[in-house]
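Chemist: The sequence shown begins at 16 in our numbering and counts up one residue at a time.
Quick reminder that beta carbons are idealized off the backbone N, C-alpha and C, glycines included.
These numbers come from a predicted model, not from an experiment.
Structure provided below as structure tokens; questions to follow.
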Amino acid sequence: AQKMVKMYKLCSEQLSQQDHYDYGMRQVKSVLVMAGEQKRANPELHENISLIRAMLEANIPRFLADDLPLFHGIIGDLYPNLDIPAVDYGTLQVACEEALV
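See below:
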């Protein structure tokens, strides 16, 4: 929890200032709910991985392209030796890729 608070503090300091960026308690709650859902769906998944995936899924869609490398750098600094396995979206990813072709 301390690292998540630190992550949002660093984001508010280092990322561009946008009206749609939310670093408050509402966003923290959303991330915690998402992490809990992931952990219940996949109990063998390490808590840090569930939390990082939730932070990525909750924040990346909101960030501007210029802020994404900074955000990934912040995550990498806070969780330096943690390998985050890719999420398998299965048929959803295939359908999206086919629609884009």
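#1: I'd like to know if the stretch 58-65 and the stretch 90-102 are in contact, where contact means that at least 3 CB-CB pairs between them fall below 8 angstroms.
#2: Would you give the residue range spanned by the alpha helix (DSSP H) that residue 53 belongs to?
#3: Can you list the alpha helix (DSSP H) stretches of 4 or more residues lying completely in the stretch 53-86, in chain order?
#4: How many whole angstroms separate the CB atoms of residue 78 and residue 30, which I take to be in contact at a CB cut-off of 8 angstroms?
#5: Could you work out which residue in 109, 67, 68 and 73 is closest to residue 41 when comparing CA atoms only?
#6: May I have the straight-line CA-CA distance separating residue 106 from residue 113, to the nearest angstrom?
#7: Return the CA-CA distance between residue 91 and residue 67, expressed in angstroms with no decimal places.
#8: Are the CB atoms of residue 104 and residue 18 within a distance shorter than 9 angstroms?
#9: Rounded to a whole number of angstroms, what is the C-alpha to C-alpha distance between residue 45 and residue 109?
#10: Taking only the alpha-carbon atoms, compute the straight-line gap between residue 43 and residue 116 and give it to the nearest angstrom.
Modeler: In short:
#1: yes
#2: 40-56
#3: 62-74
#4: 7 angstroms
#5: 73
#6: 10 angstroms
#7: 10 angstroms
#8: no
#9: 27 angstroms
#10: 36 angstroms
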